[in-house]
Amino acid sequence: MTVLKERGTLYLCATPLGNLEDITLRALRILKEASIIAAEDTRHTRKLLSHFDIHTPLTSYHSHSGEGKGEHLLQRLRQGEAVALVSDAGMPGISDPGAELVKQAVAEEIDVVPVPGPSAGIAALIISGLPTHKFAFEGFLSNQRKTRRKQLQALKREHRTLIFYESPHRLVDSLKEMLAQWGERPCAVARELTKVHEEIKRGTLSEVLAHFAENQPRGEITLVVAGLPEEERNEWEFREPWLELSVLDHVTLLEKEGRERREAIKEVARLRGVPKREVYALVHDTGEQRSPEFPPGS
Numbered sequence: 001m002t003v004l005k006e007r008g009t010l011y012l013c014a015t016p017l018g019n020l021e022d023i024t025l026r027a028l029r030i031l032k033e034a035s036i037i038a039a040e041d042t043r044h045t046r047k048l049l050s051h052f053d054i055h056t057p058l059t060s061y062h063s064h065s066g067e068g069k070g071e072h073l074l075q076r077l078r079q080g081e082a083v084a085l086v087s088d089a090g091m092p093g094i095s096d097p098g099a100e101l102v103k104q105a106v107a108e109e110i111d112v113v114p115v116p117g118p119s120a121g122i123a124a125l126i127i128s129g130l131p132t133h134k135f136a137f138e139g140f141l142s143n144q145r146k147t148r149r150k151q152l153q154a155l156k157r158e159h160r161t162l163i164f165y166e167s168p169h170r171l172v173d174s175l176k177e178m179l180a181q182w183g184e185r186p187c188a189v190a191r192e193l194t195k196v197h198e199e200i201k202r203g204t205l206s207e208v209l210a211h212f213a214e215n216q217p218r219g220e221i222t223l224v225v226a227g228l229p230e231e232e233r234n235e236w237e238f239r240e241p242w243l244e245l246s247v248l249d250h251v252t253l254l255e256k257e258g259r260e261r262r263e264a265i266k267e268v269a270r271l272r273g274v275p276k277r278e279v280y281a282l283v284h285d286t287g288e289q290r291s292p293e294f295p296p297g298s
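Straight run, no breaks: the sequence shown in full-length UniProt numbering ends on number 298.
Rendered as structure tokens:
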């Protein structure tokens with residue numbers, strides 16, 4: 001029989017996304033032999049443990065646990081105990097609070113051991129039909145519309161396939177924002193992976209948006225979106241960054257780089273192919289209305 005290490009070890013145990021047959025033999029052994037299991041939702045995990053007749057002590061560890069619970073688990077690890085960390089589904093530490101406990105354990109040179117298994121992001125990616133050789137996992141987008149727009153704007157030129165976790169009530173809004181900021185791209189929405197009502201919807205952003213606008217999505221959702229197409233990526237590589245700025249912000253940017261105002265105006269006019277007097281008039285007539293991101297130079 002294989003026994004756990006005598007010294008304290010934090011085991012990150014993957015749990016099924018929905019189908020209990022996806023649990024690994026190794027995960028079952030670790031969960032049985034650990035000193036304690038730290039779970040994101042004890043009610044959810046207790047059902048899993050009950051199904052496999054596992055009676056290891058269970059404690060909660062989630063985003064609202066506070067520092068005290070993390071310290072309690074660290075203390076047990078310091079004393080040589082084995083702690084198994086699980087999330088509600090998939091790998092702990094991916095878009096859940098387990099990452100913080102791992103960070104603290106690593107800082108104290110406590111052994112951290114992965115017990116791999118299901119992952120919604122990877123499962124959705126491999127069935128999406130989109131490129132899998134390069135991808136970026138973005139987790140959950142912000143539920144604040146302004147922040148979410150900034151996040152999507154920052155990803156506009158990302159060439160890798162993008163993976164997001166999303167809630168059912170925000171999926172349509174997120175698809176609308178992506179379509180507005182990125183234009184048409186291939187995508188796939190994976191819903192209720194490995195469960196009875198598993199669904200994968202593939203198409204363009206507008207096609208998938210139309211589907212879920214008429215069919216209210218439910219359950220756990222993973223959204224996979226193609227990165228910036230190569231032909232558009234090549235265009236961006238040769239595109240001057242100032243083309244995204246207004247004339248006023250362009251002048252101010254050059255001033256921040258050390259140019260005198262007159263010189264900055266002349267350069268902006270040259271680059272944009274407009275008369276210098278027009279740039280001069282615009283700057284001096286409306287300079288007080290410049291974007292706060294580019295404050296006027298001295």
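Note that beta-carbon positions come from the ideal geometry of N, C-alpha and C, so glycine has one too.
{"query": "Integer Cβ distance of G129 from R185, believed to fall under 8 Å", "result": "With 8 Å as the limit, G129 and R185 do not qualify as a contact, their Cβ atoms being about 13 Å apart."}
{"query": "Given L31 as reference, the closest of H44, E40 and L12 once Cα atoms are compared", "result": "L12"}
{"query": "Which residues DSSP lists as bridging L130, in chain order", "result": "The partner list for L130 (beta bridge, DSSP) is empty, contrary to what the question assumes."}
{"query": "Contacts around E192, its chain only, beta-carbon distance under 7 Å, and the 5 residues preceding and following it disregarded", "result": "G18, E198, E199, G219 and E220"}
{"query": "Cβ-heavy atom distance, R202 to the ligand NAD, below 6 Å", "result": "As presented, the structure is devoid of all ligands, the ligand NAD included, so that no description of it is given."}
{"query": "Through-space distance from I36 to E177, alpha-carbon basis", "result": "43 Å"}
{"query": "DSSP beta-bridge partners of R202", "result": "A188"}
{"query": "Buried or exposed by the 16-neighbour rule on C-beta atoms within 10 Å, applied to P16", "result": "buried"}
{"query": "Assigned secondary structure, E166 (DSSP; H/G/I helix, E/B strand, else coil)", "result": "strand"}
{"query": "Close-in-space but distant-in-sequence residues of the same chain around L171 (CB under 8 Å, 5 per side omitted)", "result": "V189, F212, P217, I221 and L223"}
{"query": "Same chain only: Cβ atoms within 8 Å of M1, ignoring 5 sequence neighbours per side", "result": "For M1, the pLDDT reaches just 43, beneath the cut-off of 50, and the residue's location in the model is therefore unreliable, although a value from the coordinates is still provided. Around M1: no qualifying Cβ."}
{"query": "Closest residue to E230 among R277, W242, P131 and Q181 (Cα-Cα distance)", "result": "P131"}
{"query": "E158 and S87 closer than 7 Å at C-beta", "result": "no"}
{"query": "Close-in-space but distant-in-sequence residues of the same chain around P118 (CB under 8 Å, 5 per side omitted)", "result": "A14, T15, P16, L17, D22, A89, G90, M91 and T194"}
{"query": "Every unbroken alpha helix (DSSP H) within the region 62-111, with a cutoff of 4 residues, ordered by chain", "result": "67-78 and 98-107"}
{"query": "Beta-carbon spacing of L152, L179 below 7 Å", "result": "no"}
{"query": "Host beta strand (DSSP E) of V224 (start-end)", "result": "I221 to V225"}
{"query": "Start-to-end residues for the alpha helix (DSSP H) that takes in A136", "result": "No alpha helix (DSSP H) contains A136, which is instead part of the beta strand (DSSP E) from F135 to F140."}
{"query": "Backbone CA spacing between L271 and A99 [nearest angstrom]", "result": "48 Å"}
{"query": "One or two residues paired with A39 in a DSSP bridge", "result": "S60 and V86"}
{"query": "For Y280, the residue or residues it bridges with in DSSP", "result": "According to DSSP, Y280 bridges with nothing at all."}
{"query": "Rounded Cβ spacing between G8 and I110 (contact assumed at less than 8 Å)", "result": "6 Å"}
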